[in-house]
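**Q**
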Amino acid sequence: MNLKENLPLLGMFIMMVVVQLGAILITPSMNDAGYATFEDPAAFENILYFFIILLTFTGIMLLLIKFGFKRILGYIIGFSIFLVFVYIFAAIISIFIESELLSAILVIALSAGAIALLYKYPEWYVIDILGVLICAGAASIFGISLEIFPVIILLILLAAYDAISVYKTKHMISLAEGVIKSKSPILVVIPKSRDYSYIKDDMNIGDKKEERGAFIMGMGDLIMPTILVVSSYVFISTPESPLSILPTAGAMVGSLAGLTVLLWFVLKGRPQAGLPTLNGGAILGFLIGCLAAGTWGWIPFL
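As structure tokens, then:
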């Protein structure tokens with residue numbers, strides 16, 4: 561392909577790197593603020609809680625799409641994203657402003673403004689810029705909430721679930737189509753041409769014969785491998801040991817390698833499950849980094 565055709569693919573790699581670096585940058589503030597979701601990050605029941613929340617939320621979204629309650633779906637998604645923005649902006653603002661009252665006002669104003677912009681003008685660049693912030697914040701929250709071994713188990717289970725839901729039951733394709741038609745901002749959009757408009761696009765991702773004007777990637781595809789990046793950064797890396805950063809670097813490089821494999825399949829024109837390659841690449845890269853650093857203390861039975 562020529563340079564013009566390669567630019568959208570390059571954009572996906574840049575987006576992944578920005579999300580992962582952004583998540584690492586805001587993680588110290590998230591940690592200091594005590595935004596961990598689970599009280600015990602080593603507890604394996606956290607994985608069960610995660611899956612219950614995921615399946616419940618997915619089921620509710622599918623029912624709302626099936627019965628045409630798109631407005632209610634938009635409210636639920638909007639409120640969930642608003643809460644993520646609150647956490648993100650609170651962590652960032654706390655670095656610069658000590659006044660709790662002023663911080664609270666700014667957090668609410670910025671969060672409300674971001675949500676309003678997403679829903680009033682859901683053009684691809686608005687969704688992508690704020691989507692990167694959402695993905696970095698969500699990955700940071702879960703990365704500080706789960707230690708490495710539970711994260712790896714979670715990523716493996718999520719990869720299997722994603723493959724089943726795309727290739728077997730296909731309910732994830734139905735969910736993605738419903739989200740796209742409702743213009744809900746829980747995905748990222750990488751246009752193939754300069755004049756592309758996501759607002760005007762009425763694509764059907766289930767039709768492999770249709771020439772789509774943009775690549776679509778769910779935010780989960782950016783968030784999930786980044787959770788391992790953040791978790792390894794929090795629970796392994798230390799300033800005293802320079803080699804301890806290698807597992808984190810390995811997870812980052814591995815997720816990019818997984819993205820390369822994923823895009824190879826995507827270019828064939830069919831909807832693809834992203835997590836098998838993305839999570840698999842992140843885990844493999846992380847393990848290679850652990851081998852290089854000689855770091856295996858995160859394994860409970862060693």
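Numbering-wise, the working numbering puts 763 at position 203 of the sequence shown, and it's gapless, one number per residue.
Ideal Cβ positions, reconstructed from N, Cα and C, are used throughout, including at glycine.
1) Relative to the alpha-carbon of residue 835, which residue among 789, 800, 783 and 813 has its alpha-carbon at the smallest distance?
2) Is there a Cβ of chain D sitting closer than 8 Å to that of residue 775, yes or no?
3) As an exercise, report each continuous beta strand (DSSP E) stretch of at least 3 residues that is fully enclosed by the stretch 680-739, in chain order.
4) Measure from the alpha carbon of residue 857 to the alpha carbon of each residue in 796, 843, 678 and 745, then state which is nearest.
5) Measuring CB atoms only, is the stretch 825-840 touching the stretch 712-721, in the sense that at least three cross pairs come out at less than 8 Å?
6) In the DSSP assignment, what are the bridge partners of residue 588?
7) Quick check: the Cα distance between residue 769 and residue 828, rounded to an integer number of angstroms?
8) So residue 751 packs on residue 824, CB below 8 Å; how close in whole Å?
9) Less than 6 Å between C-beta atoms, sequence neighbours within five positions excluded: which residues of the same chain meet that for residue 580?
10) In terms of residues, what are the limits of the beta strand (DSSP E) holding residue 778?
11) Is the Cβ-Cβ distance between residue 628 and residue 742 less than 8 Å?
12) From residue 672 to residue 754, what distance separates their C-alpha atoms?
13) Around the Cβ of residue 839, are there at least 16 other Cβ atoms within 10 angstroms (buried) or fewer (exposed)?
14) Per DSSP, which one or two residues make a beta bridge with residue 748?
15) Output the boundary residues of the alpha helix (DSSP H) element that contains residue 824.
16) Give the C-beta separation of residue 749 and residue 687 to the nearest angstrom, bearing in mind that I take them to be a contact with Cβ-Cβ under 8 Å.
17) CA-CA distance, residue 622 and residue 614?
18) Judging by CA-CA distance, which residue of 831, 817 and 861 is the nearest neighbour of residue 843?
19) Rounded to the nearest angstrom, how far is the Cβ of residue 589 from that of residue 652, given a contact under 8 Å?
20) List the residues that DSSP assigns as beta-bridge partners of residue 618.
21) Return the Cβ separation of residue 815 and residue 849 in integer angstroms, given the expectation that the two are a contact with Cβ distance under 8 Å.
22) Let me check one thing: in DSSP terms, what residues is residue 798 bridge-paired to?
23) What residues in its chain sit with their C-beta under 7 Å from that of residue 807, if we drop five residues either side in the sequence?
24) State yes or no: is the C-beta of residue 773 within less than 8 Å of the C-beta of residue 761?
25) Considering only residues of the same chain and omitting the five flanking positions on each side of residue 860, which have a CB-CB separation below 7 Å?
26) Pick helix, strand or coil for residue 861, following the three-state DSSP scheme.
27) What are the boundary residues of the alpha helix (DSSP H) that residue 657 is part of?
28) I need the DSSP call for residue 754, collapsed to helix, strand or coil.
29) Here's the rule: buried if 16 or more other CB atoms are within 10 angstroms of the residue's CB, otherwise exposed. What is residue 662?
30) Excluding the 5 residues preceding and the 5 following residue 810 in the sequence, name in chain order all residues of the same chain whose CB lies nearer than 7 Å to its CB.
31) Classify residue 696 as buried or exposed, calling it buried when 16 or more other Cβ atoms lie within 10 Å of its own Cβ.
32) Output needed for residue 667: all residues of its chain with C-beta closer than 7 Å, excluding positions within five of it in sequence on either side, in chain order.
**A** Looking at the atomic coordinates:
1) 783
2) In the displayed structure, chain D is absent; only one protein chain is listed.
3) none
4) 796
5) yes
6) Bridge partners of residue 588: none, in fact.
7) With a pLDDT of 48 at residue 769, under the threshold of 50, the modelled position of this residue cannot be trusted; read the value that follows with caution. Rounded to the nearest angstrom, the two C-alpha atoms are 10 Å apart.
8) That belief does not hold up - the Cβ atoms of residue 751 and residue 824 are roughly 20 Å apart, past 8 Å.
9) 786, 789 and 812
10) 774-778
11) no
12) 29 Å
13) buried
14) 777
15) 806-826
16) 6 Å
17) 12 Å
18) 817
19) 7 Å
20) Bridge partners of residue 618: none, in fact.
21) Rounded, the Cβ-Cβ distance is 12 Å, inconsistent with contact.
22) 801
23) 792, 796, 846, 849, 850, 853 and 855
24) yes
25) 709
26) coil
27) No alpha helix (DSSP H) holds residue 657; DSSP gives it neither H nor E.
28) coil
29) exposed
30) 845, 846, 848 and 849
31) buried
32) 646, 649, 650 and 653
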